[in-house]
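Asks:
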Amino acid sequence: MLWDYSYAPESSIVWPKDWPSLESDRTTRRGQAYSIFLDGASLPKLREFLATQNQRGAVEVSGKKLAADYRFVFPGEPVWRNAFEEAAKKAKANAH
Numbered sequence: 029m030l031w032d033y034s035y036a037p038e039s040s041i042v043w044p045k046d047w048p049s050l051e052s053d054r055t056t057r058r059g060q061a062y063s064i065f066l067d068g069a070s071l072p073k074l075r076e077f078l079a080t081q082n083q084r085g086a087v088e089v090s091g092k093k094l095a096a097d098y099r100f101v102f103p104g105e106p107v108w109r110n111a112f113e114e115a116a117k118k119a120k121a122n123a124h
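Residue numbers for the sequence shown follow this note's numbering, so the first one is 29 and each next one is one higher.
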C-alpha cells in the first residue's frame, strides 16, 4: 500500500525495477493511494527493502515519493473488491 509522501524531509529509497510499478496491471489505484500486489515469495525482499528506508524518507516509485506499508491479501479479495466497486459505480449512476 502506497500513498503520497511528496513532502518527505529525508532521502528516498528507490523501488526495485524488477517489481511492478504504478503503471503495472498488478497495481490498483484508489484515489490518491495505490496497492501493488506482489507474490508472497517477495515478502522477505520487501521487508529487507523497507528496512533500508529512513524514518522520515519516502519510497520512490515511478518518479513519485510515497509512504509504503504492506498487508496480506484477503481470500477472494480481487473478486469482492471488484463487486464493491461495480456496486458503487451503479449507485453513483442511479443517483444522477
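No residue lacks a Cβ here, since even glycine has one placed at the ideal position from N, Cα and C.
By DSSP's criteria, residue 32 is part of a beta bridge. Which residues make up the other side?
Replies: 94
Asks: Please classify residue 107: does DSSP put it in a helix, a strand, or coil?
Replies: If DSSP states are grouped into helix, strand and coil, residue 107 belongs with the helices.
Asks: Where does residue 101 land, buried or exposed, given buried means 16+ other C-beta within 10 angstroms?
Replies: exposed
Asks: Helix, strand or coil for residue 51 per DSSP?
Replies: DSSP places residue 51 outside both helix and strand once states are collapsed to three, so it counts as coil.
Asks: Using CA atoms only, rank isn't needed, just tell me which of 29, 48, 60 is closest to residue 90.
Replies: 48
Asks: What residue does the alpha helix (DSSP H) around residue 79 start on, and which one ends it?
Replies: 71-79
Asks: When the Cα of residue 63 is compared with those of 53, 85, 111, which residue comes out closest?
Replies: Measuring from the Cα of residue 63, the nearest candidate turns out to be 53.
Asks: With a threshold of 6 angstroms, establish whether the CB of residue 118 neighbours any heavy atom of the ligand NAP.
Replies: For the structure depicted, the ligand NAP is absent and the ligand set is empty, with no information on it obtainable.
Asks: Let me know if residue 79 comes out buried or exposed under the rule of 16 or more other beta-carbons within 10 Å of its beta-carbon.
Replies: exposed
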